[in-house]
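First up is the structure itself, then whatever we jot down about it.
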Amino acid sequence: MLDINFIRNNPDAVREGISFKKADPRLVDDFLSFDKSWRELVNETDNLRSEQNKAGKNREIEKAKELKEQIRRNEERLKNVEEEREKILRLLPNLPMADVPAGKDESENQVIRKWGEIPKFDFEPKDHLDLGEALDVIDVKTASEVSGSRFNYLKGGLAMLEFAIVQYVFSVLTNKEIVKKIAQKISPDFPDKVFTPVVPPVMIKPEIYVKMARLDPGQEEERFHLPNDNLYLVGSAEHTLGPIHMDKIIPEADLPLRYVGFSTAFRREAGSYGKDTRGILRVHQFDKIEMESFCLPELSVKEQDFFVAIQEYLLQELKLPYQAVAVCAGDMGGPDARQIDIETWMPGQNRYRETHTADLMTDYQARRLNTKIRRTDNSTEFIHMNDGTAFAIGRILIAIMENYQQKDGSILMPEVLQKYLGFEKISKSL
RNA sequence: GGAAGCGUGCCAGAGCGGCCGAAUGGGCCCGACUCGAAAUCGGGUAUGCCCUAAAAAGGCAUCGGAGGUUCAAAUCCUCCCGCUUCCGCCA
347 MLDINFIRNN
357 PDAVREGISF
367 KKADPRLVDD
377 FLSFDKSWRE
387 LVNETDNLRS
397 EQNKAGKNRE
407 IEKAKELKEQ
417 IRRNEERLKN
427 VEEEREKILR
437 LLPNLPMADV
447 PAGKDESENQ
457 VIRKWGEIPK
467 FDFEPKDHLD
477 LGEALDVIDV
487 KTASEVSGSR
497 FNYLKGGLAM
507 LEFAIVQYVF
517 SVLTNKEIVK
527 KIAQKISPDF
537 PDKVFTPVVP
547 PVMIKPEIYV
557 KMARLDPGQE
567 EERFHLPNDN
577 LYLVGSAEHT
587 LGPIHMDKII
597 PEADLPLRYV
607 GFSTAFRREA
617 GSYGKDTRGI
627 LRVHQFDKIE
637 MESFCLPELS
647 VKEQDFFVAI
657 QEYLLQELKL
667 PYQAVAVCAG
677 DMGGPDARQI
687 DIETWMPGQN
697 RYRETHTADL
707 MTDYQARRLN
717 TKIRRTDNST
727 EFIHMNDGTA
737 FAIGRILIAI
747 MENYQQKDGS
757 ILMPEVLQKY
767 LGFEKISKSL
């Protein structure tokens, strides 16, 4: 959520910012008008309560009874106004930073970097599903019978590959030398603290999900819900990593706090019927390695750049061609102030497809989560949060399969993963 | 799933209808003593909101959360959440 004081004092900036994010700027005026009534009612009610407290102390029981009735009526009105005000506040997205490109949708995202040679094949390259079915390492037919559409079985060498990737990423992000090397690309004195590995819960309570701004109108239909227990399945490890310091005040000296989490991600993919139905690109369930960090406001933009640098390092080590994209304001997620995506080359589709995202949330989530920093001068303020994909495993498997495919239908394994695999390629014999 | 108990400030821990934003101890900060330190003594030490240009002063709220009873709730009642222990089940 946005800072209420900021909205009051800078309504024009908020109007402008949210309209870039495709939200109706009139929401600001709605908010301010409810806020005004709210403040008047709070003031009135507080005064009544003050009188009631006095009357009580003086044992003026009759007077106190009368006031009680008035307070009750006021509180009823206050509750309504508060709910409306709250509702609007939830509809206000985070404001885009100054360097975020303007634009309404995906088509206006800006490519900021490209890396790697697009592979040339001396044969007709296949897509991951043809490759996977021929090698018997992907089975979507049985999965659809057992679980429905958009599910898959990963088998054999491909299942092994998933865990090799997990081990590889965890070893990189906990490695002091490598993390330091990447941090120094940002600036010579950039914090080079390593990541704490985490396996977080994959179910989350609704009230926490709301605090993470991940259950807002429009997002709810994307979530799997377990009604008997009133829990949601997470769409990303981010969702349960973000609240890890809820209601806590973190000393400045302890920052940044960096986590790398492995979890399954669950997505209903409502509204994407008919889109990417082939193979395992867009599925209801996939595993993902996610980075999450908490840092000082003045370093949060660089922290995001650091996340992107890690993503690029990982892709370069796997020798996968990619492009980094500055996502335009209209295509960004609601809680994002700045979003950088990475798209990896997928020969089966002959184009780049989104595999990574790095989201700078500033204090938008921290305000509701109530995660603060204790400065050295003892003052407090809300912390800044970043999250980013290390690898979305399904999609990176696709990229590896399609980029590393051989004429005979086998798939070479990226060199850096081989020591975790114990084999150099997936072929029919495995 | 069944049974019992518990949830108070930075920590420990009292309070069990008004005198309680909350005793006491510890911690931390400031001051005195000291050459300095320890010990000792004195003072201070929560958060959010309203009001304000801002602050001061003032007001309101907060003792896991949401409701309820009452003129008045940390204290009584209901539900929820969390923790602990025991039984059952289970990877």
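Per our numbering: the first sequence = residues 347 to 776.
Using N, Cα and C, we set each Cβ at its ideal position, and we do this for glycine too.
Source: prediction; values computed, not measured.
Nearest-angstrom beta carbon gap, residue j and residue i [assumed within contact, 8 angstroms]
i, j, result
"M558", "Q657", "Not really, about 22 angstroms apart at Cβ, beyond 8 angstroms."
"K367", "P439", "4 angstroms"
"Y766", "A505", "Y766 to A505, Cβ: 13 angstroms. No contact."
"V518", "I524", "5 angstroms"
"R713", "F728", "5 angstroms"
"G742", "A655", "The amino acid occupying residue 742 in the given sequence is Ile; Gly does not appear at that position. I742 to A655, Cβ: 18 angstroms. No contact."
"N576", "P552", "6 angstroms"
Alpha-carbon to alpha-carbon, residue j and residue i
i, j, result
"Q764", "K460", "26 angstroms"
"D482", "Q662", "28 angstroms"
"Q669", "T690", "7 angstroms"
"F325", "E362", "Summary: the structure shown does not reach residue 325, with the chain confined to residues 347 through 776, and so no result is reported for it."
"T722", "I596", "11 angstroms"
"I407", "R436", "42 angstroms"
"F467", "I757", "13 angstroms"
"Q685", "M443", "10 angstroms"
"R385", "I434", "16 angstroms"
"P573", "V647", "39 angstroms"
"I746", "D535", "34 angstroms"
"K531", "E429", "47 angstroms"
"Q456", "R423", "48 angstroms"
"D754", "F497", "27 angstroms"
"S396", "I353", "29 angstroms"
"M759", "V548", "30 angstroms"
"F769", "A359", "56 angstroms"
"G617", "S490", "19 angstroms"
"Q650", "Q513", "23 angstroms"
"D622", "V446", "28 angstroms"
"M347", "T391", "26 angstroms"
"D349", "G494", "43 angstroms"
"A369", "S639", "27 angstroms"
"Y659", "L645", "21 angstroms"
"A448", "L441", "12 angstroms"
"F469", "E566", "45 angstroms"
"G692", "D476", "Here residue 692 turns out to be Met, not Gly, going by the sequence shown. One C-alpha to the other measures close to 14 angstroms."
Cβ-Cβ distance between residue i and residue j below 8 angstroms
i, j, result
"T708", "I719", "no"
"L587", "E636", "yes"
"N732", "F653", "yes"
"E454", "C641", "no"
"P371", "S379", "no"
"D317", "G676", "Outside the shown range of the chain, which is 347 to 776, sits residue 317, and nothing can be said about it."
"E615", "R628", "yes"
"E568", "G581", "yes"
"H474", "I739", "no"
"R604", "T542", "yes"
"A672", "I458", "yes"
"L601", "V762", "no"
"G462", "L666", "yes"
"V606", "V545", "no"
"P465", "N696", "no"
"A583", "K539", "no"
"P643", "H730", "yes"
"D381", "R431", "yes"
Chain-order list of residues whose beta-carbon lies under 6 angstroms from that of residue i (same chain, five-residue window excluded)
i, result
"L794", "For the chain, the structure presents residues 347 to 776; residue 794 sits outside this window and is missing."
"R560", "H585"
"Q398", "A410, L413"
Residues of its chain near residue i, where Cβ-Cβ distance is below 7 angstroms and the 5 sequence neighbours each way are ignored
i, result
"K594", "T717"
"K472", "G694, Q751"
"E700", "D687, E689"
"D562", "R436, G680"
"A401", "K409, A410, L413"
"I554", "P589"
"I550", "L577, Y578, V580, H585, T586"
Proximal residues to residue i (C-beta, below 8 angstroms), its chain only, five neighbours per side dropped
i, result
"L394", "L413, Q416, I417, N420"
"G502", "L481, D482, V483, I772, L776"
"S533", "K648"
"L387", "N420, R423, L424, V427"
"T488", "Y499"
| message | As an exercise, report each continuous beta strand (DSSP E) stretch of at least 3 residues that is fully enclosed by the segment 678–750, in chain order. | response | 684–692, 697–708, 718–720, 726–728, 730–738
| request: Please go through the segment 469–557 and give each complete beta strand (DSSP E) segment of 3 or more residues, from N-terminal end onward. | output: 542–544
| field | Continuous alpha helix (DSSP H) assignments of at least 4 residues falling wholly in the segment 550–626 | value | 552–557, 584–587
| query | In chain order, which alpha helix (DSSP H) runs of at least 4 residues are fully inside the segment 629–678? | reply | 646–663
| request: Could I get the ranges of all uninterrupted alpha helix (DSSP H) runs contained in the segment 348–378, with 4 residues as the minimum, in chain order? | output: 350–355, 357–366
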